[in-house]
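Input: a single structure, listed below in structure tokens.
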Amino acid sequence: MGALDAVAGRVAGGATVTFQPSGSSMVPLIRSRQQVVVVPADPSMLEVGDIVLARVAGTVYLHLVSSVDPARKRVQISNNRGRVNGWTSHDRVFGICVAVDGVTRSGVVGKTLVADSDDSSRT
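All letters in the sequence shown, in the order written, are residues 0 to 122 by numbering that gives the first Met the number 0.
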């Protein structure tokens, strides 16, 4: 189980989670070890360009929504370098990134679910 699996479990349980993911696949939107805040999401409200925490083919990613298919209740997930991870159903979208290094991401209003608790962790 990877570090993002643990974060996904907490977000799926209703928590707001602050953590510092590593990697370069989301540069310049998220640089390695920048602090991000992820809250539970309403997948039916997601749009292309949203950054979500989602499971695709068994792996949890903090990546972009690159396409939406409302009729089939699914979204396509990709990194910020053009690699498509694949399609995933709404029930595998755990949360949406609402802030990076303290800066609120635009376009997140109305896409979050009420979080039951706040939880900060370093991953």
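For glycine and all other residues, C-beta sits at the position ideal for the given N, C-alpha and C.
Quick caveat, the model's predicted, so the values are computed rather than measured.
- At the C-beta level, residue 76 and residue 60 come within 7 Å of one another.
- Bounds of the alpha helix (DSSP H) holding residue 8 are 2-11.
- The Cβ-Cβ distance between residue 92 and residue 56 does not fall below 7 Å.
- With fewer than 16 other Cβ atoms from the protein chains shown falling within 10 Å of its own Cβ, residue 71 counts as exposed.
- DSSP, read as helix, strand or coil, puts residue 27 in coil.
- The C-alpha of residue 87 lies about 10 Å from the C-alpha of residue 68.
- The continuous stretches of beta strand (DSSP E) do not include residue 111, and DSSP gives it neither H nor E.
- The Cβ-Cβ distance between residue 6 and residue 18 falls below 7 Å.
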